[in-house]
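S.K.: If you read the sequences in order, they're chains U and P. Sequential numbering from 3 applies to the first sequence in my numbering. Sequential numbering from 501 applies to the second sequence in my numbering. Virtual Cβ for every residue (Gly too), placed ideally from N, Cα, C. Supplied in structure tokens, the structure appears directly below.
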Amino acid sequence: MITLSDCSCWFTDKKKVVKAMKHMTFSVKEGEVVGILGENGAGKTTLLRAVATLLEPTHGSVTVAGFDTVKEATEVKKRIGVLFGGETGLYDRLTARENLEYFGKLYGLDQHEIKARIEDLAKRFGMRQYMDRKVKGFSRGMKQKVAIARTLIHDPDIILFDEPTTGLDITSSNIFREFIHQLKQQNKTILFSSHIMEEVSLLCDSVMMIHQGELVYKGTLPELYAQEQSEDLNYIFMSKLARGNA
Amino acid sequence: MWKTVFLKEMTDSLRDRKTLLLTVLIPLLTMLGLVFFYESMIADPGDKTYTVAINEKLPSDMNDMIKEVKNLKLETFDDPQQAVKDGEANAYLEIPKDAGDMLQHQTSFAIKVHGYPTDDDSVIAVQMLQSLLEQYQNQVVEKRLAQDQIKSSVIHPFEVQSVDVQEGEDGDGENGVTTMLLSILLPMILVTSVISGALPAALDIVAGEKDRKSIEALFLTPASRLQLLIGKWLAVSMFGILSGIVAIGMLLLSTLLFTEKLKQALNFGDQVWSIIGVMFAALIIFSFMVSMIELLLSVVSSSVKEAQSYMSMIITLGVIPMFFTMRAGATQLDTYYFAIPFLNIHALCKQLMFGIVDPMSIALTLGSSALTVMILFVIVRRLFMKEKWMLAK
Numbered sequence: 003m004i005t006l007s008d009c010s011c012w013f014t015d016k017k018k019v020v021k022a023m024k025h026m027t028f029s030v031k032e033g034e035v036v037g038i039l040g041e042n043g044a045g046k047t048t049l050l051r052a053v054a055t056l057l058e059p060t061h062g063s064v065t066v067a068g069f070d071t072v073k074e075a076t077e078v079k080k081r082i083g084v085l086f087g088g089e090t091g092l093y094d095r096l097t098a099r100e101n102l103e104y105f106g107k108l109y110g111l112d113q114h115e116i117k118a119r120i121e122d123l124a125k126r127f128g129m130r131q132y133m134d135r136k137v138k139g140f141s142r143g144m145k146q147k148v149a150i151a152r153t154l155i156h157d158p159d160i161i162l163f164d165e166p167t168t169g170l171d172i173t174s175s176n177i178f179r180e181f182i183h184q185l186k187q188q189n190k191t192i193l194f195s196s197h198i199m200e201e202v203s204l205l206c207d208s209v210m211m212i213h214q215g216e217l218v219y220k221g222t223l224p225e226l227y228a229q230e231q232s233e234d235l236n237y238i239f240m241s242k243l244a245r246g247n248a
Numbered sequence: 501m502w503k504t505v506f507l508k509e510m511t512d513s514l515r516d517r518k519t520l521l522l523t524v525l526i527p528l529l530t531m532l533g534l535v536f537f538y539e540s541m542i543a544d545p546g547d548k549t550y551t552v553a554i555n556e557k558l559p560s561d562m563n564d565m566i567k568e569v570k571n572l573k574l575e576t577f578d579d580p581q582q583a584v585k586d587g588e589a590n591a592y593l594e595i596p597k598d599a600g601d602m603l604q605h606q607t608s609f610a611i612k613v614h615g616y617p618t619d620d621d622s623v624i625a626v627q628m629l630q631s632l633l634e635q636y637q638n639q640v641v642e643k644r645l646a647q648d649q650i651k652s653s654v655i656h657p658f659e660v661q662s663v664d665v666q667e668g669e670d671g672d673g674e675n676g677v678t679t680m681l682l683s684i685l686l687p688m689i690l691v692t693s694v695i696s697g698a699l700p701a702a703l704d705i706v707a708g709e710k711d712r713k714s715i716e717a718l719f720l721t722p723a724s725r726l727q728l729l730i731g732k733w734l735a736v737s738m739f740g741i742l743s744g745i746v747a748i749g750m751l752l753l754s755t756l757l758f759t760e761k762l763k764q765a766l767n768f769g770d771q772v773w774s775i776i777g778v779m780f781a782a783l784i785i786f787s788f789m790v791s792m793i794e795l796l797l798s799v800v801s802s803s804v805k806e807a808q809s810y811m812s813m814i815i816t817l818g819v820i821p822m823f824f825t826m827r828a829g830a831t832q833l834d835t836y837y838f839a840i841p842f843l844n845i846h847a848l849c850k851q852l853m854f855g856i857v858d859p860m861s862i863a864l865t866l867g868s869s870a871l872t873v874m875i876l877f878v879i880v881r882r883l884f885m886k887e888k889w890m891l892a893k
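Listed below in structure tokens is the structure:
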């Protein structure tokens, strides 16, 4: 579903070349839930942005559902849903319904499809009572739910999340985890970055560890536990980083 | 797709109080204030009475002459200069004690008129007194010449009269002054209202989206960036056009309803519809251009705050040309006035206010503005396609 071939992303910041992603090669299968782990600045967001067509690789290529993210970006966009953490990126002066309708139209859905999708998502996330209220007065959790619904408005097969539970309270985080479970049952392919090891070990089939722009591990969780002779993901992550630094 | 973007941006912006305030309310209030201010500038002194302080008795014929003017009232003060300073009088007419005798014996003397140059009422009172004293002086001279049996043409060989070409020989030139005032006021209002009306939408639509990070979600949809840009640009332009219509409409309405003098300048006869049509076309193309400039600044800014600091210069850019067109007569505007963006809208409005509908000026103004819009569109589109400019740093 997602394939990176010798992919690198470099930037120039204040005349200095920053190698945010270095020669990454891996693939994610259909229906797989992959957690991306890494310190701040390790290159997690860069990786997700490259897959999401927002960044053009300096070297190598990224394909999503068989489409190249640079040459066939529109086809890729039709098949992915992306939610970047921190900000929900909603329009405060529009209602939750209007936000979803707008994105439904931008994804090329017809009026009937949009209505049906909004009803389904509102029911699934328990948003019915505030669908016609302006987003401005929403709590963080409510906004996060609307943002997730927006990500899924076109029913994408591949979903990318960048630290989706950052800043969320326990209830909202649990809602999100429950939602990932639902998507998993629908055989969606999910790639998400997180700092929370418990979340990754609970939700993911596979894990990727990134350190200073390099992929230091990619494999299933049982394989990783067997290889490291431990089921403490936090410990494994720290020791991988220590080996990476060495 | 651009229609979806346009409708969303219109809905979103119309729900923003700041946008409504700058697009509708501010132009409405500014218009009313400016119309009343200009009307008062050109209004007659009317029934207003100006007090002239004196401390000596005036020669009787001078006294009678001043008394005949209904706007001037003579009042004796112990300290007339202080009375002017205290605001009790508008001017002080200082005249020698034995002025009457000196006049009779043909001895020259000085008359001083004291006033405050920074006080409008005082300036008017001083001007009226100076004019009256000049008339009085002429009367005295003529009387003396008559006594010596000399014709007055000996010292007044000719009389200078100014004639307003537009008004004709019978005109008093007042209509020309009001037209001139409106020809300055109207383009200034049009330009500032379009710039300020489109501003909040332009800030919110791109720089605001970067701040909120909603631009990323937008760029992740399959909608083409060209369509997104067109939708946004048209929405910003619409606010400029709306603001311009509100401002010009309010200017015309308040002038027709609440003024006497300014109203006279709005008599365009048979040309009224062609003038309105041209002005509307100019408003639309000018709004498209201003919106593109504002979008360009919004695109190159990484936040609303940064964009705001750039936007202030557009107002300056819009108002400065007024000082160039002010100095030139409506019939003396050179071709280049209509070829330079911003300057052309001022020049065209000036011509229209004087009832001149010149196809060449109109074509040049609209053409040069359209060309500027096209160039700006190409630049903004290129920047809009680049993540470096469009995605939050």
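Rounded to a whole number of angstroms, what is the C-alpha to C-alpha distance between residue 58(U) and residue 705(P)?
M.R.: Between residue 58(U) and residue 705(P), the C-alpha separation is close to 25 Å.
S.K.: Anything in chain P within Cβ reach of residue 56(U), meaning under 9 Å, just list it in chain order.
M.R.: Per Cβ cutoff of 9 Å: 716, 719, 720, 887, 891.
S.K.: Tell me where the beta strand (DSSP E) around residue 779(P) begins and ends.
M.R.: It is not in any beta strand (DSSP E) - residue 779(P) instead sits in the alpha helix (DSSP H) that spans 772-800.
S.K.: In this structure, does DSSP put residue 669(P) in helix, strand or coil?
M.R.: Its pLDDT being 42, under 50, residue 669(P) is placed unreliably by the model, and nothing is read from it.
S.K.: When burial is assigned at 16 or more other CB atoms within 10 Å of the CB, is residue 823(P) buried or exposed?
M.R.: Label assigned to residue 823(P): exposed.
S.K.: Once DSSP output is grouped into helix, strand and coil, what is the label at residue 242(U)?
M.R.: Helix, per DSSP.
S.K.: Does the contact criterion of 3 or more C-beta pairs under 8 Å hold for the stretch 553-563 of chain P versus the stretch 526-545 of chain P?
M.R.: With a cut-off of 8 Å, the stretch 526-545 of chain P and the stretch 553-563 of chain P do not count as touching, because too few Cβ pairs lie within range.
S.K.: With respect to the beta strand (DSSP E) encompassing residue 18(U), which residues constitute its N-terminal and C-terminal limits?
M.R.: Per DSSP, residue 18(U) belongs to the beta strand (DSSP E) from 18-30.
S.K.: Counting only beta-carbon separations shorter than 8 Å, does residue 139(U) have a partner in chain P?
M.R.: By this cut-off, residue 139(U) is not an interface position.
S.K.: DSSP state of residue 54(U), grouped into three classes?
M.R.: The answer is coil: DSSP assigns residue 54(U) none of H, G, I, E or B.
S.K.: Tell me, to the nearest whole angstrom, how far the beta carbon of residue 802(P) is from that of residue 888(P); I am working on the premise that it is less than 8 Å.
M.R.: So it is not a contact: roughly 11 Å between Cβ atoms.
S.K.: Should residue 845(P) be labelled buried (16 or more other beta-carbon atoms within 10 Å of its own) or exposed?
M.R.: When all chains shown are included, residue 845(P) counts as buried.
S.K.: Closest Cβ-Cβ distance between residue 99(U) and chain P: below 8 Å?
M.R.: By this cut-off, residue 99(U) is not an interface position.
S.K.: Just to confirm, are residue 96(U) and residue 152(U) a CB contact at a threshold of 8 Å?
M.R.: The answer is no: Cβ separation not under 8 Å.
S.K.: Near residue 11(U), what residues of its chain come up, given a Cβ to Cβ distance below 7 Å and the 5 sequence neighbours on each side ignored?
M.R.: Only 22, 23, 48, 52, 57, 59, 60 meet the Cβ criterion.
S.K.: For residue 683(P), which residues of its own chain have a beta-carbon under 6 Å away from its beta-carbon, when the five flanking residues on both sides are left out?
M.R.: Cβ neighbours of residue 683(P) beyond the five flanking positions: 850, 853.
S.K.: Taking all protein chains shown into account, do 16 or more other C-beta atoms lie within 10 angstroms of the C-beta of residue 769(P), making it buried, or fewer, making it exposed?
M.R.: Per the 10 Å Cβ criterion, exposed.
S.K.: Could you please give the first and the last residue of the uninterrupted alpha helix (DSSP H) stretch that includes residue 8(U)?
M.R.: Not the alpha helix (DSSP H): residue 8(U) falls in the beta strand (DSSP E), residues 4-15.
S.K.: Just the Cα atoms here: how many angstroms apart are residue 792(P) and residue 219(U)?
M.R.: So the two alpha carbons sit approximately 48 Å from each other.
S.K.: Pairs of beta-carbons, one from the stretch 231-243 of chain U and one from the stretch 714-721 of chain P, closer than 8 Å: are there three or more?
M.R.: The stretch 231-243 of chain U is not in contact with the stretch 714-721 of chain P.
S.K.: Name the residues in the stretch 95-125 of chain U whose C-beta lies less than 7 Å from a C-beta of chain P; which are they?
M.R.: Cβ contacts with chain P come from 95, 96, 104, 105, 107, 108, 109, 110.
S.K.: Count the other C-beta atoms from every protein chain shown that fall within 10 angstroms of the C-beta of residue 119(U), then say buried if there are 16 or more, exposed otherwise.
M.R.: The residue in question, residue 119(U), is buried, as its Cβ has 16 or more Cβ neighbours within 10 Å.
S.K.: Quick one: residues in its chain with C-beta nearer than 8 Å to the C-beta of residue 115(U), no 5 flanking neighbours on either side, listed in chain order?
M.R.: 106, listed in sequence order.
S.K.: Using the beta-carbon of each residue, which ones in chain P are nearer than 7 Å to residue 79(U)?
M.R.: By Cβ distance, chain P contributes 720, 721, 722.
S.K.: Verify whether the separation of the beta carbon atoms of residue 538(P) and residue 624(P) is less than 8 Å.
M.R.: No, they are not a contact pair.
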